[in-house]
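Undergrad:
4 protein chains.
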Amino acid sequence: MTERFVYDVPVRWSDMDAYGHVNNARFLTLYEEARVAMFFVGARKHGLGSFEEGIVIARHEIDYLRPVDYGDPVRVEMWISEVRAAAFTVSYELYDGDVLASRAKSVCVPYHLAQGHPRRLSEAEREFLRPYVAS
Amino acid sequence: MTERFVYDVPVRWSDMDAYGHVNNARFLTLYEEARVAMFFVGARKHGLGSFEEGIVIARHEIDYLRPVDYGDPVRVEMWISEVRAAAFTVSYELYDGDVLASRAKSVCVPYHLAQGHPRRLSEAEREFLRPYVAS
Amino acid sequence: MTERFVYDVPVRWSDMDAYGHVNNARFLTLYEEARVAMFFVGARKHGLGSFEEGIVIARHEIDYLRPVDYGDPVRVEMWISEVRAAAFTVSYELYDGDVLASRAKSVCVPYHLAQGHPRRLSEAEREFLRPYVAS
Amino acid sequence: MTERFVYDVPVRWSDMDAYGHVNNARFLTLYEEARVAMFFVGARKHGLGSFEEGIVIARHEIDYLRPVDYGDPVRVEMWISEVRAAAFTVSYELYDGDVLASRAKSVCVPYHLAQGHPRRLSEAEREFLRPYVAS
Numbered sequence: 001m002t003e004r005f006v007y008d009v010p011v012r013w014s015d016m017d018a019y020g021h022v023n024n025a026r027f028l029t030l031y032e033e034a035r036v037a038m039f040f041v042g043a044r045k046h047g048l049g050s051f052e053e054g055i056v057i058a059r060h061e062i063d064y065l066r067p068v069d070y071g072d073p074v075r076v077e078m079w080i081s082e083v084r085a086a087a088f089t090v091s092y093e094l095y096d097g098d099v100l101a102s103r104a105k106s107v108c109v110p111y112h113l114a115q116g117h118p119r120r121l122s123e124a125e126r127e128f129l130r131p132y133v134a135s
Numbered sequence: 001m002t003e004r005f006v007y008d009v010p011v012r013w014s015d016m017d018a019y020g021h022v023n024n025a026r027f028l029t030l031y032e033e034a035r036v037a038m039f040f041v042g043a044r045k046h047g048l049g050s051f052e053e054g055i056v057i058a059r060h061e062i063d064y065l066r067p068v069d070y071g072d073p074v075r076v077e078m079w080i081s082e083v084r085a086a087a088f089t090v091s092y093e094l095y096d097g098d099v100l101a102s103r104a105k106s107v108c109v110p111y112h113l114a115q116g117h118p119r120r121l122s123e124a125e126r127e128f129l130r131p132y133v134a135s
Numbered sequence: 001m002t003e004r005f006v007y008d009v010p011v012r013w014s015d016m017d018a019y020g021h022v023n024n025a026r027f028l029t030l031y032e033e034a035r036v037a038m039f040f041v042g043a044r045k046h047g048l049g050s051f052e053e054g055i056v057i058a059r060h061e062i063d064y065l066r067p068v069d070y071g072d073p074v075r076v077e078m079w080i081s082e083v084r085a086a087a088f089t090v091s092y093e094l095y096d097g098d099v100l101a102s103r104a105k106s107v108c109v110p111y112h113l114a115q116g117h118p119r120r121l122s123e124a125e126r127e128f129l130r131p132y133v134a135s
Numbered sequence: 001m002t003e004r005f006v007y008d009v010p011v012r013w014s015d016m017d018a019y020g021h022v023n024n025a026r027f028l029t030l031y032e033e034a035r036v037a038m039f040f041v042g043a044r045k046h047g048l049g050s051f052e053e054g055i056v057i058a059r060h061e062i063d064y065l066r067p068v069d070y071g072d073p074v075r076v077e078m079w080i081s082e083v084r085a086a087a088f089t090v091s092y093e094l095y096d097g098d099v100l101a102s103r104a105k106s107v108c109v110p111y112h113l114a115q116g117h118p119r120r121l122s123e124a125e126r127e128f129l130r131p132y133v134a135s
């Protein structure tokens, strides 16, 4: 059984651009809020601070399915779609009410910020990811 | 001979996040500035206002190769990597000095904003894209 | 008895700047979120849509008392500190937990967006403001 | 003879909000860009790095005179309108072409970031400010 990490992200009035919809670039900030909630705040509750000390984004992919407007929070559902030795992929779905408005993927690389190079996932990190792994 | 549309995008101090580098989500805003310069301001100089009246982003892909810091403007080079009946793909390279720091692609869909549906590329639009088409 | 309009504004990770605190310019966006909640969303519930159709900001003043970090939402408390024929002033206090972190004032001018000029407050607007008026 | 520090700040397409003008909160970011150019980049050229290591903003005032739209860079002119033992005030005018679109003031406090408390202006800092002092 795979779990999803679900997080409501409030939309700000200032997220809209001159077209009156949430700006497409700003979606990455909404996804970031959800990712930070899972890997910084959420992981910290499991005693795991190593993600917060360094995850580097190697790649994002975002598909836009429906425009999103200012109003209720959007719901971001996340799972882990790939785990490699020194990288993992977060997959997201972003819902506006019941409507799937966007999908995204982020390739995340654990990083020694102090030493300035990528590193392998630790066993504690793999343990944290495990319930969310799905293809 | 294929041309590239080249545009310098100034980096703002506020583009940096708490890690002291340009925030990964903010790269999409830097790419957006370059895309707007090409398809709104640049196309308008060719008497072509139809992109400005409606392009919808269907998809972005971004690869992060090197961190970028506050300082000199970054240089974005753009070309058209695919043209279909009702969509085209912009490819980008983002240079920090001589260093290729990021690559991206955006799938763009011409849109009737008033009527609320996608539309085919016009002949004038195809003409504008032609010099930049490369695979 | 004067009421305050109280609104919790979530702080985003991306609100932090390179110093690791919420950026001072971003406070205006947090205040904006609260103001929009009162004058757009809140007023609409009272059947009053005229603020949403046009308020222009003539002036902001912001005092910074304590740094704010990413974490829990901040609480913004608002009241109306001045009402004139064609302008009113919103006063704010921003609390981080129990700590007063910032104070601000915004001079707001009702505006005919279509006709492009300021206008006087309507009686319905004065009625909406009345419970919040305090010096 | 008083000098003004003059700096052109490019306006981004994403600085516009749903009303199609540069968002009022975003003006503080435009002013910030100019201030950073003067006190971080500019002062560094005079061998003065102490502002960059710590200036805290105690207060902003902004007056909005004319809306600003996406297009050419705005020109920010800055001078120092007050110098006290442990604070100074930057005054700004923001021009859109020949039109004065906004005025602002920022009270800046030199700060020991490491020790966490305000400090007095150094003699080298006073020297840097001197040519720009005007009431």
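Chains as they are written, first to last, in full-length UniProt numbering: chain B, 1 to 135; chain L, 1 to 135; chain F, 1 to 135; chain V, 1 to 135. Note that the Cβ used here is the ideal one computed from N, Cα and C, for glycine as well. Computed from a predicted structure; not experimentally measured.
1) Give a yes or no on whether the minimum CB-CB distance between R75 of chain V and chain L is below 8 angstroms.
2) Which ranges would you report for the alpha helix (DSSP H) in the region 85-117 of chain B if only whole runs of at least 4 residues count?
3) Would you list, in chain order, the members of the region 32-50 of chain V that have their beta-carbon closer than 7 angstroms to a beta-carbon of chain L?
4) Does any CB atom of chain F fall closer than 8 angstroms to the CB of I17 of chain L?
5) Within 8 angstroms (strictly less), CB to CB, does E127 of chain F reach chain V?
6) What residues of chain V sit near I62 of chain F, judged by a beta carbon separation below 7 angstroms?
7) For G20 of chain B, return the contacting residues in chain V, with the cut-off set at a CB-CB distance below 8 angstroms.
8) Can you give, in chain order, each stretch of the beta strand (DSSP E) that sits fully within the region 23-70 of chain V and has at least 3 residues?
9) With the cut-off set at 8 angstroms, would you say R103 of chain F and V6 of chain F are in Cβ contact?
10) Starting from S14 of chain L, find everything on chain V with Cβ-Cβ shorter than 8 angstroms and list it in chain order.
11) Starting from A101 of chain L, find everything on chain F with Cβ-Cβ shorter than 7 angstroms and list it in chain order.
12) Measure the CB-CB distance between A101 of chain V and Y92 of chain V and report whether it falls below 8 angstroms.
13) Pick out whichever of F:N24, F:F39 and F:E123 has its Cα sitting closest to the Cα of A58 of chain V.
14) Name the one or two DSSP bridge partners that W79 of chain F has.
15) Per DSSP, D8 of chain V is paired with what?
16) Under 8 angstroms, do E123 of chain L and R4 of chain L count as touching if we go by C-beta distance?
17) I need the straight-line Cα distance from L28 of chain V to L113 of chain V, nearest angstrom please.
18) For a contact defined as C-beta to C-beta under 8 angstroms, what are the partners of P131 of chain L on chain V?
19) Can you pull the chain V neighbours of P10 of chain L, defined as C-beta to C-beta under 8 angstroms?
20) Determine the burial state of E125 of chain L: buried for a count of at least 16 other Cβ atoms within 10 Å of its Cβ, exposed for fewer.
21) Please state if the CB of G54 of chain V and the CB of P110 of chain V are separated by a distance shorter than 8 angstroms.
22) Note down, in chain order, every chain B residue with its Cβ under 7 angstroms from the Cβ of N23 of chain V.
23) Just to check my reading of the structure: P73 of chain F and V11 of chain F have Cβ atoms closer than 8 angstroms, yes? What is that Cβ distance to the nearest angstrom?
24) Going by Cα to Cα distance, which pick from V:R66, V:K45, V:W13 and V:H60 is closest to F40 of chain L?
25) Taking its Cβ as the centre, do 16 or more other Cβ atoms sit within 10 Å of D15 of chain V, making it buried, or is it exposed?
26) In chain order, what residues of the same chain have a beta carbon less than 8 angstroms from the beta carbon of H46 of chain F, not counting five sequence neighbours either side?
27) Cβ of G71 of chain L within 8 angstroms of Cβ of A18 of chain F?
28) May I ask which residues mark the beginning and end of the alpha helix (DSSP H) holding R130 of chain V?
29) Could you give the distance in angstroms between the alpha-carbon of W79 of chain L and the alpha-carbon of H117 of chain V?
30) Please classify A134 of chain F: is it buried, with 16 or more other beta-carbons within 10 angstroms of its beta-carbon, or exposed?
31) Would you report the Cα separation of V90 of chain L and R84 of chain B, rounded to the nearest angstrom?
32) Would you say the beta carbon of V90 of chain F is closer than 7 angstroms to some non-hydrogen atom of the ligand FAD?
TA: So, from the data block:
1) Contacts with chain L at 8 angstroms (Cβ-Cβ) do not include R75 of chain V.
2) Whole alpha helix (DSSP H) segments, 4+ residues: zero.
3) Per Cβ criterion, the list reads E32, E33 and V36.
4) For clarity, residue 17 of chain L is Asp in the given sequence; the question names Ile instead. So yes, D17 of chain L belongs to the interface.
5) The beta carbon of E127 of chain F sits no closer than 8 angstroms to any beta carbon of chain V.
6) Residues of chain V passing the Cβ test: R59 and H60.
7) When 8 angstroms is used as the limit between beta carbons, G20 of chain B is near these residues of chain V: A18, in chain order.
8) Positions of the beta strand (DSSP E) runs, each at least 3 residues long and wholly inside the region 23-70 of chain V, are given as 55-64 in order along the chain.
9) For R103 of chain F and V6 of chain F, no; Cβs fall outside 8 angstroms.
10) Near S14 of chain L (Cβ distances below 8 angstroms), the residues of chain V are T29, E32 and E33.
11) Simply none; closest approach about 18 angstroms.
12) Contact flag unset, no.
13) With distances taken between Cα atoms, A58 of chain V lies closest to F:N24.
14) Paired residues: F:S91.
15) Beta bridge pairing from DSSP links D8 of chain V with V:R75.
16) Against a cut-off of 8 angstroms, the Cβ pair of R4 of chain L and E123 of chain L comes out as no contact.
17) Each residue's alpha carbon lies about 22 angstroms from the other.
18) Within 8 angstroms Cβ-Cβ: nothing; P131 of chain L doesn't reach chain V, min ~23 angstroms.
19) Residues of chain V passing the Cβ test: P10.
20) Result: buried.
21) The answer is yes: Cβ separation under 8 angstroms.
22) Those are S14, listed as they occur along chain B.
23) Separation of the CB atoms of P73 of chain F and V11 of chain F is rounded to 6 angstroms, and the pair is thereby assigned contact status at 8 angstroms.
24) Restricting attention to V:R66, V:K45, V:W13 and V:H60, the CA atom closest to the CA of F40 of chain L is found in V:W13.
25) Looking at its Cβ environment, which holds 16 or more other Cβ atoms inside 10 Å, D15 of chain V is buried.
26) Around H46 of chain F, the same chain offers F128 as residues with beta carbons nearer than 8 angstroms, after the five sequence neighbours per side are excluded.
27) For the 8 angstroms CB-CB criterion, G71 of chain L and A18 of chain F do not form a contact.
28) From DSSP, R130 of chain V is part of no alpha helix (DSSP H); its letter is neither H nor E.
29) Between the alpha carbons of W79 of chain L and H117 of chain V lies a distance of about 51 angstroms.
30) So A134 of chain F counts as exposed.
31) Their backbone Cα atoms lie some 30 angstroms apart in a straight line.
32) Among the components modelled here there is no ligand, and therefore nothing to report on the ligand FAD.
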